[in-house]
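Taking it in order: structure first as structure tokens, then the write-up.
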Amino acid sequence: MRSLKCFSLLSSALVCAAFAATLAGCGSSYDPSFSRRPRFQTSAPLINPKRDPSFLAYAVPETDLHKFPATRSAEFAVHGIDVSKYQGNIDWEQVKDSGVSFAFIKATEGGDRVDAKFAYNWAAAKAAGVPRGAYHFVYWCRRPHEEIGNFASVVPNEPDALPPVLDVEATPTSGTCKRTLYREEVLRDMKDMLTQMERHYGKKPIIYSSVDFYQAILHSDALSEYPIWVRSTKYHPKVRYGDRNWTFWQYRSDGRVPGITGAVDQNTFNGSADHWRSWLAHQTGLAAAPVAARPADDRGGKQLIEEDPAMLSGGERNAYDKAASAPVPPAAIQ
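Residue numbers (my numbering): 3 to 336.
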């Protein structure tokens with residue numbers, strides 16, 4: 003999902019007002035010395051300064067890295083995409099005909115932002131017969147109930163939807179949330195948000211994590227009672243996530259899919275076509291379409307770059323437009 007979802011500076015007045023309103027949610031985690039690089043406080047022994055990203059560790063011997071390229075995604079049978087407004091106007095009929103088995107659609111961010119294309123993508127994907135779910139991108143300076151209240155006010159509670167997703171990443175270039183992510187605090191906030199999601203939608207949510215966030219916060223089986231969707235565009239998840247059992251893997255951010263102009267994130271499900279049919283039926287009651295031929299992954303070694311949000315340049319972190327007004331969350335989450 004990348005950090006294309008960071009906040010922009012709208013105007014001095016708006017920024018000051020938003021920051022004053024959200025500072026209370028940051029508490030003692032507000033860090034006035036925050037730098038552009040993500041700030042984590044963690045007990046995980048992850049320092050490996052000779053590799054890129056320099057602060058992340060490998061879970062396999064470096065001599066074996068060549069055995070685990072991200073192109074091994076082709077070993078899996080079921081593939082899908084995740085999208086946001088940055089994919090523009092999507093022709094979901096073409097997407098369906100291309101063999102996409104599922105889609106995750108960005109819905110909300112923080113306490114008051116709504117993806118401009120969510121309503122269209124949500125309805126059009128369903129009409130085309132693409133199983134779809136919604137995800138919420140966490141802004142670390144809003145209270146958990148504000149975050150999930152925003153999501154629940156926008157995403158319908160539909161039995162045939164995939165489980166909701168909580169997208170957790172560092173946001174080092176946010177102009178309004180300069181927070182050091184302390185592991186204990188973040189896990190507490192995540193648990194609160196996940197519990198609210200499950201209570202409202204009746205399905206156990208999925209955690210989406212970038213590599214740096216996982217190794218700093220979610221290591222050592224933290225919140226392992228929830229399914230996880232991992233991002234790793236250079237290596238098989240084994241390299242960055244070790245033995246953590248994953249459900250979805252985002253293996254490519256420059257994929258091409260008919261019906262979508264430009265690049266799109268591509269993902270795979272961790273299981274066979276039979277496993278997918280069983281999982282989908284259990285989660286949604288839907289019958290899975292026949293699994294299409296696996297998409298080709300023709301990336302060469304030089305194209306396999308770990309595009310973790312922490313490693314992106316400022317120009318790649320496009321500003322995210324502020325919604326005209328904050329949605330009203332359901333009373334149960336207010």
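Glycine included, C-beta positions come from ideal geometry on N, C-alpha and C.
{"Check": "For TRP248, the three-state DSSP class (helix, strand or coil)", "Outcome": "coil"}
{"Check": "Nearest residue (CA-CA) to THR286, options LEU164, SER176, GLY273, VAL259", "Outcome": "LEU164"}
{"Check": "The stretch 137 to 147 in contact with the stretch 58 to 67 per 3-pair CB rule at 8 Å", "Outcome": "no"}
{"Check": "Pair within 8 Å by beta-carbon distance, GLN96 and VAL266", "Outcome": "no"}
{"Check": "Under the three-state DSSP convention, the category ASP276 falls into", "Outcome": "helix"}
{"Check": "Closest Cα partner of ARG301 within the set ALA76, LYS119, ALA105, MET3", "Outcome": "ALA76"}
{"Check": "Cross-strand partners of THR270 (DSSP beta bridge)", "Outcome": "HIS81, TRP251"}
{"Check": "ASN91 classed as buried or exposed, judged by whether at least 16 other C-beta atoms fall within 10 angstroms", "Outcome": "exposed"}
{"Check": "Counted within 10 angstroms of its Cβ, other Cβ atoms place THR263 as buried (16 or more) or exposed", "Outcome": "exposed"}
{"Check": "Entirely enclosed alpha helix (DSSP H) segments - the stretch 80 to 113, minimum 4 residues", "Outcome": "94 to 99"}
{"Check": "Pair within 8 Å by beta-carbon distance, ALA109 and ILE83", "Outcome": "no"}
{"Check": "Rounded straight-line distance, which links the Cα of ALA294 to that of GLU171", "Outcome": "31 Å"}
{"Check": "Sufficient close CB pairs (3 or more, under 8 Å) joining the stretch 219 to 233 to the stretch 199 to 211", "Outcome": "yes"}
{"Check": "Cβ shell of ARG119 (< 6 Å), same chain only, five flanking positions each side left out", "Outcome": "First, the residue type needs correcting, since residue 119 is Lys and not Arg in the sequence shown. Correct list, in chain order: LYS87."}
{"Check": "Alpha-carbon to alpha-carbon, MET192 and ALA283", "Outcome": "27 Å"}
{"Check": "Closest by C-alpha distance to ARG201, when choosing among THR178, TRP231, PRO166", "Outcome": "PRO166"}
{"Check": "Chain D within 8 Å of VAL156, Cβ atoms only", "Outcome": "The structure shown contains no chain D; it holds only a single protein chain."}
{"Check": "Inter-residue CB distance, TRP94 and GLY261 (contact presumed, cutoff 8 Å)", "Outcome": "7 Å"}
{"Check": "Residue span of the alpha helix (DSSP H) that contains HIS202, given as start and end", "Outcome": "185 to 203"}
{"Check": "Strand pairing of LEU220, partner residues [DSSP]", "Outcome": "The partner list for LEU220 (beta bridge, DSSP) is empty, contrary to what the question assumes."}
{"Check": "Sequence-distant residues of the same chain with beta carbon closer than 6 Å to LYS205, five excluded per side", "Outcome": "PRO165"}
{"Check": "Beta-carbon proximity of ASN272 to GLN252, cut-off 8 Å", "Outcome": "no"}
{"Check": "Own chain, CB closer than 6 Å to ARG296, minus 5 neighbours either side, in chain order", "Outcome": "ALA76"}
{"Check": "Candidates GLU308, GLY135, GLY112: closest to ALA176 by CA position", "Outcome": "It should be noted that the sequence gives Ser, not Ala, for residue 176. Minimum Cα distance to SER176 is reached at GLY112."}
{"Check": "8 Å contact criterion, which LEU196 and LEU168 should meet: CB distance rounded", "Outcome": "6 Å"}
{"Check": "PRO161 classed as buried or exposed, judged by whether at least 16 other C-beta atoms fall within 10 angstroms", "Outcome": "exposed"}
{"Check": "Expected contact under 8 Å - CB spacing of LYS180 and PHE70 to nearest Å", "Outcome": "Contact flag wrong, Cβ pair sits at about 36 Å."}
{"Check": "TYR243, enclosing beta strand (DSSP E) - first and last residue", "Outcome": "Element bounds for TYR243: not the beta strand (DSSP E) but the alpha helix (DSSP H), 239 to 243."}
{"Check": "Residue span of the beta strand (DSSP E) that contains GLY135, given as start and end", "Outcome": "134 to 139"}
{"Check": "Assigned secondary structure, ALA150 (DSSP; H/G/I helix, E/B strand, else coil)", "Outcome": "Per the sequence shown, residue 150 should be read as Ile rather than Ala. Of the three classes helix, strand and coil, the one that applies to ILE150 here is helix, per DSSP."}
{"Check": "Exposed unless 16 or more other CB atoms sit within 10 angstroms - verdict on HIS238", "Outcome": "buried"}
{"Check": "Residues bridged to TYR122 (per DSSP)", "Outcome": "The partner list for TYR122 (beta bridge, DSSP) is empty, contrary to what the question assumes."}
{"Check": "Segment limits, beta strand (DSSP E) that includes SER211", "Outcome": "208 to 211"}
{"Check": "Range covered by the beta strand (DSSP E) that runs through ASP66", "Outcome": "No beta strand (DSSP E) contains ASP66, which DSSP labels as neither H nor E."}
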